[in-house]
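So the sequences go chain by chain: A and B.
Counting with my numbering, you get residues 4 to 318 for the letters of the first sequence.
Counting with my numbering, you get residues 421 to 766 for the letters of the second sequence.
Beta carbons are placed, not taken as given, at the ideal position from N, Cα and C, and that holds for glycine.
Computed from a predicted model, the values in this text were never measured in an experiment.
Read through the structure below, which is laid out as structure tokens, and then see the notes.
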Amino acid sequence: MQQFVTVTLNGLTLAALYFVVASGFTLIFGLMRVVNMAHGSLYLLGGYIALEIQTRWFTSDSGLGLSLSGASDSEYSVWAWLVPLILATLIIGVIGVVLQQVFLRWNQGQDLRQALITIALSVILADQMLAYWGGISKDIAAPSAWPTSITLPGEVRFGFFRGVVVLSAAILIGLALYLIIKRTRFGKIVRAGVDDRDMVSALGINVNRVFIGMFFLGALLAGIGGVLGGTMISLAPGQDTAFLLNSLIVVIIGGMGSLGGAAIGALALGLVDAYADVYLVFGDLDLTNYSIIVTFALLVGVLAFRPLGLYGRPA
Amino acid sequence: MNPAVSTKRIAWPALAVAVGLFAVAPLFVSDFFVSAILTKTLWLGIAAASLIFLAAYGGMVSLAQVGIYGIAGMAYANLVLADGGAGTAINPYLALVLALLIATLVGLGFGWIAARSEGIYFLMITLAFSVLVYYFFSQVTGLSGFGGINSVDLPGIVGSPEQDPLPRYLLTLVVATLVFLGLGALSRTAFGLGMQGVRDEPARMRALGFDVTLHRTLAFGIAAFVAGIAGVLSVFYNTRITPGSINLAQTIDVLIVAVIGGLYRLEGAWLGALTYALIDNYSREWVPEVGNVLGPARFNTLIGVLFLVIVLASPGGLIGIWDSLRAKVRTPRRTPAPTPVPQTTE
Numbered sequence: 004m005q006q007f008v009t010v011t012l013n014g015l016t017l018a019a020l021y022f023v024v025a026s027g028f029t030l031i032f033g034l035m036r037v038v039n040m041a042h043g044s045l046y047l048l049g050g051y052i053a054l055e056i057q058t059r060w061f062t063s064d065s066g067l068g069l070s071l072s073g074a075s076d077s078e079y080s081v082w083a084w085l086v087p088l089i090l091a092t093l094i095i096g097v098i099g100v101v102l103q104q105v106f107l108r109w110n111q112g113q114d115l116r117q118a119l120i121t122i123a124l125s126v127i128l129a130d131q132m133l134a135y136w137g138g139i140s141k142d143i144a145a146p147s148a149w150p151t152s153i154t155l156p157g158e159v160r161f162g163f164f165r166g167v168v169v170l171s172a173a174i175l176i177g178l179a180l181y182l183i184i185k186r187t188r189f190g191k192i193v194r195a196g197v198d199d200r201d202m203v204s205a206l207g208i209n210v211n212r213v214f215i216g217m218f219f220l221g222a223l224l225a226g227i228g229g230v231l232g233g234t235m236i237s238l239a240p241g242q243d244t245a246f247l248l249n250s251l252i253v254v255i256i257g258g259m260g261s262l263g264g265a266a267i268g269a270l271a272l273g274l275v276d277a278y279a280d281v282y283l284v285f286g287d288l289d290l291t292n293y294s295i296i297v298t299f300a301l302l303v304g305v306l307a308f309r310p311l312g313l314y315g316r317p318a
Numbered sequence: 421m422n423p424a425v426s427t428k429r430i431a432w433p434a435l436a437v438a439v440g441l442f443a444v445a446p447l448f449v450s451d452f453f454v455s456a457i458l459t460k461t462l463w464l465g466i467a468a469a470s471l472i473f474l475a476a477y478g479g480m481v482s483l484a485q486v487g488i489y490g491i492a493g494m495a496y497a498n499l500v501l502a503d504g505g506a507g508t509a510i511n512p513y514l515a516l517v518l519a520l521l522i523a524t525l526v527g528l529g530f531g532w533i534a535a536r537s538e539g540i541y542f543l544m545i546t547l548a549f550s551v552l553v554y555y556f557f558s559q560v561t562g563l564s565g566f567g568g569i570n571s572v573d574l575p576g577i578v579g580s581p582e583q584d585p586l587p588r589y590l591l592t593l594v595v596a597t598l599v600f601l602g603l604g605a606l607s608r609t610a611f612g613l614g615m616q617g618v619r620d621e622p623a624r625m626r627a628l629g630f631d632v633t634l635h636r637t638l639a640f641g642i643a644a645f646v647a648g649i650a651g652v653l654s655v656f657y658n659t660r661i662t663p664g665s666i667n668l669a670q671t672i673d674v675l676i677v678a679v680i681g682g683l684y685r686l687e688g689a690w691l692g693a694l695t696y697a698l699i700d701n702y703s704r705e706w707v708p709e710v711g712n713v714l715g716p717a718r719f720n721t722l723i724g725v726l727f728l729v730i731v732l733a734s735p736g737g738l739i740g741i742w743d744s745l746r747a748k749v750r751t752p753r754r755t756p757a758p759t760p761v762p763q764t765t766e
């Protein structure tokens with residue numbers, strides 16, 4: 004029972020992280036039909052930028068600075084985590100806008116070409132990040148004042164950052180996105196744009212400005228995800244690929260462009276990942292190595308019945 | 421991206437010259453060049469050709485080709501005598517046939533799932549397939565060994581490449597030529613024309629009574645067979661296969677090769693592969709070192725920038741540049757070429 008609760012919490016927190024990252028991916032696609040293959044790169048870059056700010060501004064050089072994990076024994080205040088989070092997130096948002104304005108804006112409508120452009124950018128970004136931050140995995144330090152773990156009823160201990168911070172961040176972000184999309188003027192335009200872009204621009208709305216806003220928001224979410232993920236798991240080359248794949252699977256399951264679909268897809272993927280890693284043991288037969296097949300089966304199962312995903316609509 | 425797909429017949433003289441040049445090249449260049457550049461060009465070109473075949477004639481840009489070639493390569497390496505993996509140690513020729521069969525069947529399965537989606541959805545689903553294949557083989561060490569399957573047994577026809585790379589090179593050349601001719605011929609059969617119809621007007625083809633999903637699935641299966649050939653040849657080339665050699669980077673490399681060559685003409689596959697192999701081998705020597713940003717170790721940045729420039733400048737790749745140059749030179753003297761098939765699917 005204890006194990007089950009822990010595994011479920013693992014799945015939920017993974018799902019929370021997947022949701023934050025994938026929601027940006029799906030929102031950009033929903034409005035602009037842009038498949039941003041560099042989304043995983045923005046995730047990783049966000050984490051690395053936060054790490055850089057944290058080590059430059061908030062790490063006192065008390066140790067020898069030789070620690071491989073990047074974590075030294077210095078104390079971190081809450082600001083030492085929040086300031087990098089906010090700055091890195093904003094920087095990634097701006098990078099997203101620059102990317103859209105420089106490379107994608109004049110290709111609007113050519114979705115394959117845009118996908119290829121973002122793939123090229125992700126190749127370059129991955130290589131440059133490897134050059135600058137190296138191949139060893141690094142962590143962003145959580146504030147030292149925060150407890151490392153909490154005890155839930157039933158004697159279940161679970162990581163505080165993972166269980167409380169990431170989960171509540173994902174819920175807050177989900178609520179905020181819901182309110183932005185449902186209640187604000189920007190959200191209204193976005194929803195109209197998803198249904199009929201040409202009509203929206205014919206009505207005199209500056210679509211380019213809406214696109215800028217959406218790319219800022221979408222990239223920003225990748226950045227937040229990167230900081231959360233960099234604190235919760237770690238930052239390493241290859242995480243960009245992993246989170247691009249996760250975002251792809253989440254939105255393929257949930258349906259491209261749907262926020263609710265992203266939430267359902269993230270839950271499905273996170274829980275399946277967590278359970279398959281632990282419960283694929285039948286007596287002496289240990290199949291946990293094959294857990295990726297369960298993920299694959301989930302994807303295939305959804306696609307076999309709903310080729311556009313659970314909440315997907317034809318473009 | 422909508423440069424016209426060539427429906428011309430094969431330019432036999434050009435093909436003869438190209439194959440002839442490849443055939444006599446070993447007389448003039450070093451063994452290293454034969455292996456590292458020419459052999460690699462040929463098998464990498466086959467992998468890219470399977471992608472271009474789907475993209476040009478079926479309108480399906482598939483990123484699953486490396487996943488499928490990985491399955492073929494892994495299947496072959498597991499079936500023959502090797503260091504790591506299942507090590508079934510059966511006859512290499514039989515293993516070759518089985519590996520291609522497995523790859524084709526898996527390809528048909530992938531195709532059946534992916535075929536009902538179109539365009540960008542298709543790209544994403546096939547990318548997910550490819551990456552899942554990579555994760556599968558990196559997790560299941562019983563099938564991929566720890567650190568890959570090494571010293572894989574090769575069929576007798578390949579000889580021993582360490583001593584004499586020539587038989588392997590000539591075999592790859594023959595296979596590449598056959599793949600090129602086969603895919604070219606196939607595109608002019610009723611099936612190939614049906615594929616192009618499905619690409620341009622799926623709704624009308626459906627109305628004409630074509631089973632669009634089945635057509636796409638079969639096309640995908642054929643491309644999977646070709647990708648499988650490339651996978652087995654890559655094992656011949658490396659005499660080993662690791663999960664790392666079929667990861668996302670390799671998936672993207674094959675896409676880069678196809679796009680550099682030109683997504684709309686089969687011959688672009690080998691042109692792209694040659695460009696890629698040359699840059700891969702020689703860029704380390706002439707690329708200036710600019711801090712951390714550029715230098716011998718930053719091959720991916722270089723190839724990424726080249727990829728970006730090609731995508732931005734010439735959607736038809738190098739072949740597209742060649743075609744438009746030729747068109748410019750010829751237009752004053754000749755009547756314009758017949759209007760090519762317009763590609764309406766974006």
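- For residue 22 (chain A), no beta strand (DSSP E) run applies; the uninterrupted alpha helix (DSSP H) run containing it begins and ends at 5–35, by DSSP.
- At least 7 Å separates the beta-carbon of residue 697 (chain B) from that of residue 459 (chain B).
- In this structure, the straight-line span from the alpha carbon of residue 571 (chain B) to that of residue 503 (chain B) is close to 6 Å.
- In this structure, residue 719 (chain B) keeps its C-beta atom at 7 Å or more from the C-beta atom of residue 123 (chain A).
- At a C-beta separation below 7 Å, residue 465 (chain B) has no neighbours in chain A, since its nearest C-beta there lies roughly 19 Å away.
- Residues of the stretch 247–276 of chain A with a Cβ closer than 9 Å to any Cβ of chain B, in chain order: 247, 248, 251, 252, 254, 255, 259.
- With contacts defined by Cβ atoms closer than 7 Å, residue 257 (chain A) and residue 304 (chain A) do not form a contacting pair.
- The alpha-carbon of residue 115 (chain A) is positioned some 13 Å away from that of residue 109 (chain A).
- Of all residues in the stretch 124–155 of chain A, only 124, 125, 126, 127, 128, 129, 130, 131, 133, 134, 135 place a beta-carbon less than 9 Å from a beta-carbon of chain B.
- Residue contact check for residue 718 (chain B) against chain A: a CB pair falls below 7 Å.
- Assigned with DSSP and collapsed to three states, residue 442 (chain B) falls in helix.
- Residues of the stretch 98–121 of chain A that bring their beta carbon within less than 7 Å of a beta carbon in chain B comprise 112, 113, 114, 115, 116, 118, 119, 120, in sequence order.
- Cβ proximity to chain B below 8 Å picks out 292, 293, 294, 295, 296, 298, 299, 302, 303, 306, 307, 310, 311 from the stretch 283–313 of chain A.
- Membership of residue 529 (chain B) in the alpha helix (DSSP H) is indicated by the continuous run 512–534.
- By the neighbour-count criterion, in which 16 or more other beta carbons inside 10 Å mark a residue as buried, residue 186 (chain A) falls on the exposed side.
- For residue 550 (chain B), the three-state secondary structure derived from DSSP is helix.
- Shown in chain order are the members of the stretch 213–244 of chain A whose Cβ falls below 7 Å from a Cβ of chain B: 244.
- Partner residues in the beta bridge of residue 153 (chain A), as assigned by DSSP, are A:161.
- Counted as a single uninterrupted DSSP element, the alpha helix (DSSP H) harbouring residue 87 (chain A) occupies residues 82–102.
- Setting aside the 5 residues that flank it on each side, residue 523 (chain B) is surrounded in the same chain by 488, 491, 492, 644, 648, each with a C-beta closer than 6 Å to its C-beta; the list follows chain order.
- Sequence-distant Cβ neighbours of residue 439 (chain B) in its own chain, meaning closer than 8 Å and more than five residues away, are 593, 597.
- Going by DSSP, residue 60 (chain A) is part of no alpha helix (DSSP H) at all; its letter is neither H nor E.
- Between residue 140 (chain A) and residue 237 (chain A), the CB-CB gap stays under 7 Å.
- Going by C-alpha positions, residue 171 (chain A) is about 20 Å away from residue 28 (chain A).
- Of all residues in the stretch 658–673 of chain B, the ones placed with a Cβ closer than 7 Å to any Cβ belonging to chain A are 668, 672, in chain order.
- When Cβ-Cβ separations below 7 Å define contact, residue 536 (chain B) makes contact with chain A.
- Segment contact: the stretch 601–616 of chain B against the stretch 529–549 of chain B, fewer than three CB-CB distances shorter than 8 Å; contact not assigned.
- Residue-level contact by beta carbon fails for residue 24 (chain A) and chain B, as no gap is shorter than 7 Å.
- Contact check for residue 165 (chain A) against residue 235 (chain A) passes: the beta carbons are separated by less than 7 Å.
- Proximity of residue 555 (chain B) to chain A, defined by a Cβ-Cβ separation below 7 Å, is satisfied.
- Note on geometry: alpha-carbon atoms of residue 704 (chain B) and residue 18 (chain A) lie some 42 Å from one another.
- Taking the CA atoms as reference points, residue 515 (chain B) sits about 48 Å from residue 224 (chain A).
- The straight-line gap separating the alpha-carbon atoms of residue 183 (chain A) and residue 209 (chain A) is approximately 18 Å.
- The three-state reading of DSSP puts residue 284 (chain A) in strand, counting E and B together.
- Taking C-beta atoms as the reference points, residue 693 (chain B) and residue 464 (chain B) count as a pair closer than 7 Å.
- Here residue 637 (chain B) is actually not in contact with residue 568 (chain B); their C-beta atoms are around 32 Å apart, not less than 8 Å.
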